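Same order as they appear, the protein sequences are chains Y and U.
Under our numbering, the first residue of the first sequence carries the number 61, and numbering increases by one thereafter.
Under our numbering, the first residue of the second sequence carries the number 114, and numbering increases by one thereafter.
Using N, Cα and C, we set each Cβ at its ideal position, and we do this for glycine too.
It should be emphasised that the depicted structure is a prediction, and the values quoted were computed from it without experimental measurement.
Notes for the one structure printed next.
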Amino acid sequence: DIKNPPQNPPPRPPPETRRKRV
Amino acid sequence: GPIILDTYRVIADFEKTSKHEINLQTGDLVEIVEKNQNGWWFCQYESKRGWIPASYLEPLDGPEEAEEDEPNYEGERFVTARAYTAEQEDEISLELGETITVIHKLLDGWWVVRKGEETGHFPSMFLHKAGTREI
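Structure follows, in structure tokens:
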């Protein structure tokens, strides 16, 4: 079912574009 | 009234690795339908819908309130539902069924956990709260 998220952990943040923490 | 979805900007190209994910490119603007604690967010982009990693997104406008909890150094006890072997230096390897303390629940799904003297990131999807059974 598309409503279920993938069963594998999401990839870590891309190294050079780390999310700007709010 | 209409449901207003949060808009996020894609900050790095993302290539899908399973069928319910979608491919996105840096700069794409997506609407978020669901923010799962495990770090996969369900998004809408043009006519496509699928899961993408929260860590590949940043809010288009500053959110009204901080989305991420502050670290909690006292921590919350969780039990590992699966073993995981660290792949990066800042991660921690744990066996199935270990009780650990979660000290920071990060939006990207890689929570900071402590076990004894050791601290590192661990996939939140492999944890369940101590004292509860996994559904």
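C-alpha distance - residue i paired with residue j, whole-angstrom precision
| i | j | result |
| --- | --- | --- |
| I62 (chain Y) | V192 (chain U) | 27 angstroms |
| R72 (chain Y) | V123 (chain U) | 15 angstroms |
| V82 (chain Y) | E144 (chain U) | Caution applies to V82 (chain Y), whose pLDDT of 37 falls short of 50 and renders its modelled position unreliable; the model cannot decide the point. |
| S131 (chain U) | K161 (chain U) | 14 angstroms |
| D203 (chain U) | E231 (chain U) | 10 angstroms |
| P236 (chain U) | W164 (chain U) | 16 angstroms |
| K142 (chain U) | T120 (chain U) | Correcting the residue type first, residue 142 (chain U) is Leu in the shown sequence and not Lys. Roughly 7 angstroms separates the two Cα atoms. |
| E189 (chain U) | G229 (chain U) | 14 angstroms |
| Q67 (chain Y) | G114 (chain U) | 34 angstroms |
| P166 (chain U) | E159 (chain U) | 18 angstroms |
| F239 (chain U) | L118 (chain U) | 28 angstroms |
DSSP-derived helix/strand/coil call for residue i
| i | result |
| --- | --- |
| Y186 (chain U) | coil |
| K80 (chain Y) | Here K80 (chain Y) scores only 49 on pLDDT, less than 50, and its place in the model should not be relied on; the value that follows carries that caveat. In the structure shown, K80 (chain Y) sits in coil (DSSP, three-state: anything other than H, G, I, E or B). |
Which residues DSSP lists as bridging residue i, in chain order
| i | result |
| --- | --- |
| D119 (chain U) | U:I145 |
| I165 (chain U) | U:W154 |
| L170 (chain U) | U:V123 |
| H241 (chain U) | U:V192 |
| H234 (chain U) | U:E204, U:V225 |
| E134 (chain U) | U:W164 |
Own chain, CB closer than 6 angstroms to residue i, minus 5 neighbours either side, in chain order
| i | result |
| --- | --- |
| R227 (chain U) | T214, I216 |
| F155 (chain U) | V146, E147, W164 |
| D126 (chain U) | Q138, T139 |
| G222 (chain U) | N151, G152, S237 |
Proximal residues to residue i (C-beta, below 8 angstroms), its chain only, five neighbours per side dropped
| i | result |
| --- | --- |
| L209 (chain U) | T193, A194, R195, A196 |
| K80 (chain Y) | With a pLDDT of only 49 at K80 (chain Y), under 50, the local geometry of the prediction cannot be trusted, and the value read off the model is given with reservation. The answer is none, since no qualifying residue turns up. |
| H241 (chain U) | F191, V192, A194, E247 |
| Y169 (chain U) | V123, I124, A125, F127, L137 |
Close-in-space but distant-in-sequence residues of the same chain around residue i (CB under 7 angstroms, 5 per side omitted)
| i | result |
| --- | --- |
| D182 (chain U) | K218 |
| A243 (chain U) | R190, F191, V192, T212 |
| L173 (chain U) | T120, Y121, R122, L142 |
With a floor of 4 residues, list each alpha helix (DSSP H) that falls wholly inside the segment 182–232 of chain U, ordered by position along the chain. none
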